[in-house]
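At position 66 of the sequence shown (counting the first as 1) the number is 66 in our numbering, and the numbers step up by one without a gap. Idealized CB from N, CA, C, for every residue including glycine. Note that this is a predicted model, so its numbers are computed, not measured. Just below is one structure, and these are the notes that go with it.
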Amino acid sequence: LRLRAVVSLTPDAQPSRDLLEFCARERARSIHFCVPKHDDGVTMSPAQAAAIVSELINADNLPLYVHCRDGGNNTGLAIMCLRRVQYWALAPLFDEFCRYVKTGEISR
Numbered sequence: 001l002r003l004r005a006v007v008s009l010t011p012d013a014q015p016s017r018d019l020l021e022f023c024a025r026e027r028a029r030s031i032h033f034c035v036p037k038h039d040d041g042v043t044m045s046p047a048q049a050a051a052i053v054s055e056l057i058n059a060d061n062l063p064l065y066v067h068c069r070d071g072g073n074n075t076g077l078a079i080m081c082l083r084r085v086q087y088w089a090l091a092p093l094f095d096e097f098c099r100y101v102k103t104g105e106i107s108r
């Protein structure tokens, strides 16, 4: 894959040993953000979202892989923030998010 970074958005205090070993083996940087488990609400603060997007747009980290625990909500929220920085309109931004979350919609 030739990844330069793996961004983890999990409630764990540290990334798993398996992930750290993978990153070491692949010479990829492990970037971890402790993000609370999704619970039908937004679980990351604006400051944390900004810090995550900062890592996502850092050219030194590209190409990178982003993941969270459930595969959709926290990663989806981070990518939504990235898309806004990229000047995406809201409709396609929400459409993309809804394609990847389990419920297929944004709950209110």
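Below 8 Å on the Cβ atoms is my contact criterion, and I expect Val35 with Cys68 to pass it. Report the Cβ-Cβ distance as a whole number of Å. Rounded, the Cβ-Cβ distance is 7 Å, consistent with contact.
Given a cut-off of 8 Å on the beta-carbon distance, is the pair Leu64 and Leu82 in contact? Result no, Cβ atoms of Leu64 and Leu82 do not sit closer than 8 Å.
One or two residues paired with Val6 in a DSSP bridge: For Val6, the beta-bridge partners assigned by DSSP are Ser30, Tyr65.
Alpha-carbon spacing of Ala49 relative to Phe97, whole angstroms: Between Ala49 and Phe97, the C-alpha separation is close to 16 Å.
Quick one, are the C-beta atoms of Val101 and Gly72 less than 8 Å apart? Yes, the pair counts as a contact, with Cβ atoms nearer than the cut-off.
Looking at C-alpha atoms only, which residue of Arg17, Ala78, Ala5 is the closest neighbour of His38? Closest by C-alpha distance to His38, out of Arg17, Ala78, Ala5, is Ala78.
Mark Val85 as exposed unless 16 or more other C-beta atoms lie within 10 angstroms of its C-beta, in which case mark it buried. With fewer than 16 other CB atoms across the displayed protein chains lying within 10 angstroms of its CB, Val85 is exposed.
How many whole angstroms separate the CB atoms of Leu62 and Phe33, which I take to be in contact at a CB cut-off of 8 Å? That belief does not hold up - the Cβ atoms of Leu62 and Phe33 are roughly 18 Å apart, past 8 Å.
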